[in-house]
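Please read the structure below before turning to the comments.
In the numbering used here, the protein residues as written are 509 to 692.
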């Protein structure tokens, strides 16, 4: 791409790059979320055994019906695994005054889950949203594929840290971008 766009800067992962910048004393604390961040989930996560929690997020554009949300939630609770579910307040399209959460879901969540309305970090589920499929996928992820997934996550984490560390590609590209902006 450089022949077509000579000033192309690849940066990322930005959250890790921001941490590097903070450690070097070059920036103050910031938050890039447009929603208020739920910090209670950190306390809850800290009280769970290491690497025992499934993180669930649909990202910033996915919308679901109330029925789809309940099916997914049942699948998480029925899996028997610990989970942290980050869900945007506006992600359920038919939420109204009849928006009810069954008692067995809230009870199951209190035992081993945490639902956070808004957190921004998988398992590709395509268009599936029935509870038994979700339950099976969570169990498969946390039992059968756990070691493979942990190894892959560790490798990806190391590559990300290397890229944003001093001398890494993202670190270098950010420095070049800042230099070019200052030269304008």
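Heads up, the beta-carbon is just placed ideally off N, CA and C, and yes, glycines get one too. As the structure is a computational prediction, the values presented were derived from the model and not from experiment.
Practice problem: Kindly indicate the opening and closing residues of the alpha helix (DSSP H) around residue 646. | Solution: As a first step, residue 646 is located in the chain shown; it is residue number 138 there, counting from the start. Its alpha helix (DSSP H) spans residues 639-647.
Quiz prompt | Residue(s) in a DSSP beta bridge with residue 572 | solution = Looking up residue 572 in the chain shown gives position 64. Paired residues: 600.
Exercise. Can you have a look at residue 692 and say buried or exposed, based on whether 16 or more other CB atoms are within 10 angstroms of its CB?
Key: As a working mapping, residue 692 is identified with position 184 in the chain shown. The residue is exposed, with fewer than 16 neighbouring Cβ atoms inside 10 Å.
Quiz item: Would you call the CB atoms of residue 585 and residue 613 closer than 7 Å?
Solution: As a first step, residue 585 is located in the chain shown; it is residue number 77 there, counting from the start. As a first step, residue 613 is located in the chain shown; it is residue number 105 there, counting from the start. Yes, Cβ-Cβ distance for residue 585 and residue 613 is below 7 Å.
Quiz item: Counting along the chain, where does the alpha helix (DSSP H) carrying residue 591 start and finish?
Solution: Locating residue 591 in the chain shown gives position 83, counting from the first residue. Segment 590-594 is the beta strand (DSSP E) holding residue 591; no alpha helix (DSSP H) there.
Self-check item: Distance, residue 560 Cα to residue 660 Cα
Solution: Along the chain shown, one-based indexing puts residue 660 at 152. Along the chain shown, one-based indexing puts residue 560 at 52. Straight-line Cα distance between these residues: approximately 16 Å.
Exercise. Reducing DSSP to helix, strand and coil, say where residue 517 ends up.
Key: Position 9 of the chain shown, counted from the start, is the residue given in the question as residue 517. Residue 517 falls in the coil class under three-state DSSP.
Quiz prompt | Three CB pairs or more closer than 8 Å across the region 575-585 and the region 545-554 | solution = no
Self-check item: residue 671 versus residue 679: straight-line alpha-carbon distance, rounded
Solution: The residue you call residue 671 lines up with position 163 of the chain shown. The residue you call residue 679 lines up with position 171 of the chain shown. Looking at the two C-alpha atoms, the distance is approximately 7 Å.
Exercise. May I have the straight-line CA-CA distance separating residue 599 from residue 566, to the nearest angstrom?
Key: Numbered from 1 along the chain shown, position 91 holds the residue referred to as residue 599. Numbered from 1 along the chain shown, position 58 holds the residue referred to as residue 566. If I take the Cα positions, the gap works out to 9 Å.
Exercise. Reducing DSSP to helix, strand and coil, say where residue 678 ends up.
Key: Taking the first residue of the chain shown as 1, we reach residue 678 at position 170. Here residue 678 sits in helix by DSSP.
Self-check item: Alpha-carbon to alpha-carbon, residue 674 and residue 568
Solution: The sequence position of residue 568 within the chain shown is 60, counting from 1. The sequence position of residue 674 within the chain shown is 166, counting from 1. Their Cα atoms are separated by approximately 31 Å.
Self-check item: Residues that residue 565 bridges to, as DSSP identifies them
Solution: Within the chain shown, residue 565 is the residue found at index 57, counting from 1. Answer is 594, bridged to residue 565.
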